[in-house]
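Trainee: In UniProt numbering, the protein residues as written are 1 to 424. Every residue gets a Cβ at the ideal spot worked out from N, C-alpha and C, and that includes glycine.
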């Protein structure tokens, strides 16, 4: 750990100023939310037992949390019990077990047509894999990703699927594409033979792994395969305790994050621009901070719960997002927020595009193509385009600045400036 050259008193001073700024701006958001709550009613809020209304306009939180707690969690228990028994009796059947349990859940929760859709998606990628070409995975995979959004919309309209189920299908579809691609890339890298039907069963087991099927995170196949066929290991008290502690930790943050929606109506405010325009600067700063911090907490909970189950089964699970309050670089945000997604982009896109000659031009070109994929994967909407573009610009400026700072010309100018300041 690098020790700061600043005095401890200066660091404490910065900490107090920063903490005061955060809490004071959040207090202003609380006050603005109170006024807003008295001015509007409708679908933005729900009532509670202690009198305060709850902001329910974050559609991901409003849909994902009840889905995990009430629909998915019983099936996770079934998944753990059955797969551990299968691992004990016939470890080769674990992929089949994953496929069957997740398929049964999809059938019971979403219906046959949704199960057929996801199954066909894996089959499509398997036939691409049979061609043993990395470039063909991208050539066919990206158009499939584009077309699949229209297919899901058609399924939703024709079969009267609820908005909640439609949202889960859209999100699951994105993760499914990443898992299929990861399997194909890693299989081509590590196997000299063409994929056979046994490999298809393994691919289906990986792609239909229930804990991360719907909301993520992505576990790259090369990491997943290391534990998929591990023999049964008796559950020690440490393993049980780790599972209990980690679940308790993320459930605690679930409660804290959910409770904040009774006091900070930031998500509802962002849909009423005329109210936001009347807010002061402190409130606007607090609004921006709360939206970012809530987004961070949301994925700490979602990825943390899924990752805890995966770790209990001895799989590698990407670490949860780093708190945004401790991040000051665009590049650090991408490296540490969604580590699994970043690893996917780095391993299968950025490094191959950069090649051996990693000059600035190739790095920026690779980053640009990565953000093009980010734009397509997240949904090609104008808001996603602006977000992707600004992130690319931020990372580009950071890379250029780092390159300039590491140049000999800059270092020599810096030394001259320091010397002149000492003599003056």
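Give the range of the alpha helix (DSSP H) segment to which residue 396 is assigned.
Mentor: Residues 382-405.
Trainee: Assuming residue 377 contacts residue 174 under a Cβ cut-off of 8 Å, what Cβ separation, rounded to an integer in Å, is found between them?
Mentor: Contact holds; Cβ gap of about 6 Å.
Trainee: Can you pull the DSSP bridge partners for residue 55?
Mentor: Answer by DSSP bridge pairing, in chain order: 45.
Trainee: Alpha carbon to alpha carbon, how far is residue 47 from residue 102? Give it in angstroms, no decimals.
Mentor: Going by the C-alpha atoms only, they are around 35 Å apart.
Trainee: If you measure between the beta carbons of residue 300 and residue 253, is that distance less than 8 Å?
Mentor: For residue 300 and residue 253, yes; Cβs fall inside 8 Å.
Trainee: Between which two residues does the alpha helix (DSSP H) holding residue 98 run?
Mentor: It spans 94-109 - the alpha helix (DSSP H) in which residue 98 sits, taken as one unbroken run.
Trainee: Based on Cα-Cα distance, which residue from 13, 55, 22 lies nearest to residue 33?
Mentor: The option with the nearest alpha carbon to residue 33 is 55.
Trainee: When you compare only the Cα positions, how much space is there between residue 386 and residue 394?
Mentor: So the two alpha carbons sit approximately 12 Å from each other.
Trainee: Kindly indicate which three-state DSSP category residue 314 falls into: helix, strand or coil?
Mentor: Three-state DSSP puts residue 314 in coil, outside helix and strand.
Trainee: Let me make sure I understand the geometry here. Which of 30, 176, 262 has the alpha-carbon closest to that of residue 142?
Mentor: Minimum Cα distance to residue 142 is reached at 176.
Trainee: So, do the region 91-105 and the region 229-245 have three or more beta carbon pairs nearer to each other than 8 Å?
Mentor: Judged by Cβ distances under 8 Å, the region 91-105 makes contact with the region 229-245, as three or more pairs qualify.
Trainee: From this set, 105, 165, 139, 51, which residue's C-alpha is nearest residue 59's C-alpha?
Mentor: Nearest of 105, 165, 139, 51 to residue 59, Cα basis: 165.
Trainee: So what does DSSP say about residue 430, is it helix, strand or coil?
Mentor: The question about residue 430 has no answer here: the residues shown for the chain are numbered 1 through 424.
Trainee: So which of 204, 159, 192 has the shortest CA-CA distance to residue 181?
Mentor: Taking only the C-alpha atoms, the option nearest residue 181 is 204.
Trainee: Can you check which of these residues, 12, 401, 409, 190, is closest to residue 226 by C-alpha distance?
Mentor: Out of 12, 401, 409, 190, 190 has the C-alpha closest to the C-alpha of residue 226.
Trainee: Does the distance from the C-beta atom of residue 184 to that of residue 129 stay below 8 Å?
Mentor: The answer is yes: Cβ separation under 8 Å.
Trainee: Considering residue 253, what are the terminal residues of the alpha helix (DSSP H) in which it resides?
Mentor: 237-260 is the extent of the alpha helix (DSSP H) around residue 253.
Trainee: Could you have a look at residue 13 and say whether DSSP puts it in helix, strand or coil?
Mentor: Helix at residue 13.
Trainee: On a Cα-Cα basis, can you pick out the residue from 356, 372, 360, 361 that is closest to residue 345?
Mentor: Residue 372 is the option with its Cα nearest to residue 345.
Trainee: Return no unless some Cβ of chain C is closer than 8 Å to the Cβ of residue 29.
Mentor: Protein chain content of the structure displayed is limited to a single chain, and chain C is not contained in it.
Trainee: Can you tell me where the alpha helix (DSSP H) holding residue 352 begins and where it ends?
Mentor: Run containing residue 352: 351-354, per the alpha helix (DSSP H) assignment.
Trainee: Look at residue 310 and residue 219 and say whether their C-beta atoms are less than 8 Å apart.
Mentor: Contact flag set, yes.
Trainee: Please report the Cβ distance between residue 292 and residue 324, rounded to the nearest whole angstrom; I am assuming they are in contact, meaning their Cβ atoms lie under 8 Å.
Mentor: Right, the Cβ-Cβ distance comes to about 5 Å (below 8 Å), so this counts as a contact.
Trainee: In terms of residues, what are the limits of the alpha helix (DSSP H) holding residue 184?
Mentor: First-last of the alpha helix (DSSP H) with residue 184: 163-190.
Trainee: Residue 43: buried (16+ other C-beta within 10 angstroms of its C-beta) or exposed?
Mentor: Flag for residue 43 reads exposed.
Trainee: Can you give me the Cβ contacts of residue 279 inside the same chain, cut-off strictly under 6 Å, excluding the 5 residues immediately before and after it?
Mentor: Once the five neighbours on either side are set aside, the close Cβ partners of residue 279 are 32.
Trainee: Identify every run of the alpha helix (DSSP H) within the region 104-146, keeping only runs that are complete inside it and at least 4 residues long; order them along the chain.
Mentor: Listed in chain order, the complete alpha helix (DSSP H) runs (minimum 4 residues) inside the region 104-146 are 112-129.
Trainee: Check residue 60 in the structure and name its three-state DSSP category.
Mentor: Looking at residue 60 - three-state DSSP - the assignment turns out to be helix.
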